[in-house]
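Trainee:
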Amino acid sequence: MTQFPISYIYKPKISGMIFGLCFSAFCAYFYMEMALTKDQGLKLKVPFGWAFSFSPSEATLFYWILFIICCGLSLLSLLGFICIYRSSKVEAKIIFTNKEMLIPSSIFNPRKTLVIPYINILSLHLHQVGRIRLLKIVHQKGKIYVRESFLPQKFMFDEIINILNHEKCNLK
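Note that this note's numbering has the sequence shown beginning at 456, numbered continuously upward.
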């Protein structure tokens, strides 16, 4: 018999956003340097035997375009970092009671909690992309994902799956 309530701390880790921010900023700096100092043409070879040749002025324009794209990615990474940093200051939790599950409805607003009665859970789907595991919970009002990387320890993800499967089976 499971003792309720059970709670798990659930918040994103900031390290991934820091890496994305640093990488996109580095790429932006690299392309800016290329645009300012490179005075040669550019030859790009792509699959299927295609090749593109750029004159020095076209190559400079190409580098400036890549610089602008990387700056945009840096800005998006910075905004994401700020949102996740702010949300990491809130003690977000996944809580299981004897009748329902409470989960933060969004990583951008962890104060807002979604209440999902076990009886309203229609299906559970485990998705794995590389080392990233997600649990998709389909319920009567929509769907929500539980991310393994937001939990302090990996075994907690398996515990959550087991609790949900157990509670779903008890309702039948």
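Note that the Cβ used here is the ideal one computed from N, Cα and C, for glycine as well.
When the distance is taken between beta carbons, is F459 closer than 8 Å to Y636?
Mentor: Because the chain is modelled from 456 through 627, residue 636 falls outside the range shown and cannot be assessed.
Trainee: How big is the Cα-Cα spacing for K466 and P572?
Mentor: 22 Å
Trainee: Roughly how many angstroms separate the alpha carbons of F612 and E603, rounded to a whole number?
Mentor: 6 Å
Trainee: Using the C-alpha atoms, what's the distance from S542 back to L499?
Mentor: 43 Å
Trainee: Using 8 Å for Cβ pairs, my map puts C525 next to A490. What's the rounded Cβ distance?
Mentor: Between A490 and C525 the Cβ distance is about 11 Å, and since that is not below 8 Å, they are no contact.
Trainee: Which two residues bound the contiguous beta strand (DSSP E) that contains Y600?
Mentor: 597-602
Trainee: What does a CB cutoff of less than 7 Å around F509 pick up in its chain, not counting 5 residues either side in sequence?
Mentor: Excluding the 5 residues flanking it on each side, F509 has same chain C-beta neighbours closer than 7 Å at G496, L497, F517, in chain order.
Trainee: Give the DSSP-derived three-state secondary structure of Y540 in the structure shown.
Mentor: helix
Trainee: Using only CA atoms, which one of L476, E622, K623, G535 lies nearest to F563?
Mentor: G535
Trainee: Check for me: the alpha helix (DSSP H) holding T492 runs from which residue to which?
Mentor: 470-492
Trainee: Could you pull the start and end residues of the beta strand (DSSP E) that E555 belongs to?
Mentor: 555-559
Trainee: So is F605 buried or exposed if we call it buried at 16+ other beta carbons inside 10 Å?
Mentor: buried
Trainee: DSSP beta-bridge partners for R566?
Mentor: In the DSSP output, where bridge partners are listed per residue, R566 has none listed.
Trainee: Whole-angstrom Cβ separation of K554 and S560, contact assumed at under 8 Å?
Mentor: Your pair K554 and S560 does not check out as a contact, with CB atoms roughly 19 Å apart and the cut at 8 Å.
Trainee: Hey, quick one: how far does the beta strand (DSSP E) through K548 stretch, first residue to last?
Mentor: 548-551
Trainee: Quick one: give me the first and last residue of the beta strand (DSSP E) that V545 is part of.
Mentor: In the DSSP assignment, V545 falls outside any beta strand (DSSP E), carrying neither H nor E.
Trainee: Where DSSP assigns a beta bridge to F509, which residues make up the other side?
Mentor: L497
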